[in-house]
Amino acid sequence: MTSDSLSETDALIADLRHRLAEAEETLRAIRENEVDALVMRGPHAEEVFVIGGDAESYRAFMEVMEPGAAALDESGRVLYANSALTRALGKSLSELQGKALTDVLAADASREIRLLLRDAGTTLQNREIHFSDDAGVDLHFIVAATPLRIGTVSAYAVTFAEVTQRVRNESVEQNERAARAVVASANEAVLVCDLEGIITHANAAAGIVYDGNPIGQSFAEIIPLVFRDAPGILQADGLIATVAGGTPLQGIEAIASNAPKVKDYLVSAAPLRIAGDRISGIVITMVDLSRRKAAEKQQSLLMHELDHRVKNALTLVLSICARTASTADTVATFQKTFSGRIRALAATHTLLTQRSWTSLPLGDIVTYELAPYIEATANQVAIEGLDVAVLPRAAIGFGLIVHELTTNAVKYGALSQPGGQVTVRALNRKNGAFVVEWRETGGPPVAPPRRKGFGHALIARTLQYVPEGGAEFSFEPTGVVCRISIPAEDMC
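Here's what the structure looks like:
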């Protein structure tokens, strides 16, 4: 035998003697009641052998543990649960013992516990679960499970480490990041103040209300507001105090006199609650009203203009009605003549509406008035040089004149028989006015009327609101000629 072999043998004998001494000491301690339990580590689990046949020592150990802890039998029924766990579950130990832990928890948490126990024999397992207590508060735990033996009973040791505050903190942090992203991406000016009205956050769009860095400054001082509907009563500091007390304010029109450019805003403010119901600040949103104010001003002008036009139109209709009635021989004649004149008035209004009441080419007016007759007389009408436009006042008057001339030509003049011709053309200006000539040829012989009716008066007087305006008739052997003078001030 070699010296190396002798050394290995001596070491083995020494190790056996040491183990024998430990065993003898353990037996002595058991005989003298110095040992409560033995914990034996096996390849797959820890075995707890309780001396004296009870588990009081193991239970005492569980009670001093800070996390919630439970011992479960092989089927998952509760053998024991410490005070920390019974408080978390809101149930007494007697209510838990003998029941499956999965029956006590909510469905999602129970599923995680079943998976945890299923895999506990192979690897160290832990899962995160959550459930609500009796008050409806969400609780979050990291649960771990490991197999063990209590006496001769196979069991599981399950621990519940509460992480509710960590989850809440993560949620608050996530919400705050989301809120900051929303504020930063908002097109409107958004400012966040503390309860004293000191600005703590502001997005890039806030540059429209304050030219500089607003952080750390008093909102009421750098952005003084005047509220239109409460002059002098509600101011910026009053807004801060109101919202800090829990009352939100929404959609109040205000003037920010110190703002760099835009002065008109729609202001909304709401309490900022980051966690729970405690108000930690105020969120103020200021929407630029400059475009809306401009639109309102334009709308007001349009409404005023519309009112003015409607009144003028009604006055003109009443005048036409009265004058037509004074010259009509019968009701039928009145109805026909009056309705024709009103349709002529409506036709010009329609053309003006299509062009937003800006201006109207004279040629369009002539074409529109001749439209009821143009198919039958297409080769009898010529329009020359009337591509110039006039303002609405002159367009309405010119349309009424052309209507009277057209109906007269259809009844008695050049358009009453084949071969007749009407030429409507532009002449040279006269005394600054633009002159349009209506000339009929090839129709029946004409002569000056014995009595001048309202139609003749309408033609002569319609454009006479200035000295150079109006119309002149001449009854030439070849047909009627009318020269219409449109005031220079109504030409575009």
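Per the numbering used here, the sequence shown starts with residue -1, numbered consecutively. No residue lacks a Cβ here, since even glycine has one placed at the ideal position from N, Cα and C. Treat the numbers as computed from the prediction; the structure is a model and nothing was measured.
- Where M284 is concerned, the enclosing beta strand (DSSP E) starts and stops at 279 to 286.
- Scanning S414, A107, L343, A323 for the CA closest to the CA of V308 turns up L343.
- L115 places its beta carbon less than 7 Å from that of G74.
- The beta-carbon separation of A218 and I238, rounded to 6 Å, stays under the 8 Å limit for a contact.
- CA-to-CA, the gap between R341 and Q296 works out to about 30 Å.
- In the DSSP secondary-structure assignment, W436 is bridged to V422, C480.
- Per DSSP, G397 is one residue of the alpha helix (DSSP H) stretching across 390 to 409.
- In this structure G418 touches G440 by the C-beta definition: roughly 4 Å separates them, less than 8 Å.
- Relative to the Cα of W355, the nearest Cα in the group I394, L270, V444, N167 belongs to I394.
- R448 and Q352 have their C-alpha atoms some 41 Å from each other.
- The beta-carbon separation of V422 and V434, rounded to 7 Å, stays under the 8 Å limit for a contact.
- The alpha carbon of W436 has as its nearest neighbour, out of G451, N429, L398, V478, the alpha carbon of V478.
- Burial check for C191: the Cβ neighbour count within 10 Å reaches 16 or more, so the residue is buried.
- Each residue's CA atom was taken as its position, placing A320 and T460 some 16 Å apart.
- For V260 against I221, the beta-carbon gap comes to about 12 Å, at or over 8 Å, which does not count as contact.
- Between P485 and E466 a beta carbon distance of about 6 Å is seen, short of the 8 Å cut, so the two are scored as contacting.
- In the three-state reduction of the DSSP assignment, S130 falls in the strand class, which pools E and B.
- In the assembly as shown, P446 is an exposed residue. Its beta-carbon has fewer than 16 other beta-carbons within 10 Å.
- Nearest to V156 by alpha-carbon distance, out of F139, D106, Q462, is F139.
- When the five nearest sequence neighbours on each side are left out, the beta carbons in the same chain lying within less than 8 Å of the beta carbon of I372 are those of T365, V379, in order along the chain.
- DSSP places L115 in no beta strand (DSSP E) but in the uninterrupted alpha helix (DSSP H) bounded by 105 to 117.
- Proximity to L398 across R339, T162, E382 peaks at R339, based on C-alpha coordinates.
- DSSP places A184 in no beta strand (DSSP E); its state is neither H nor E.
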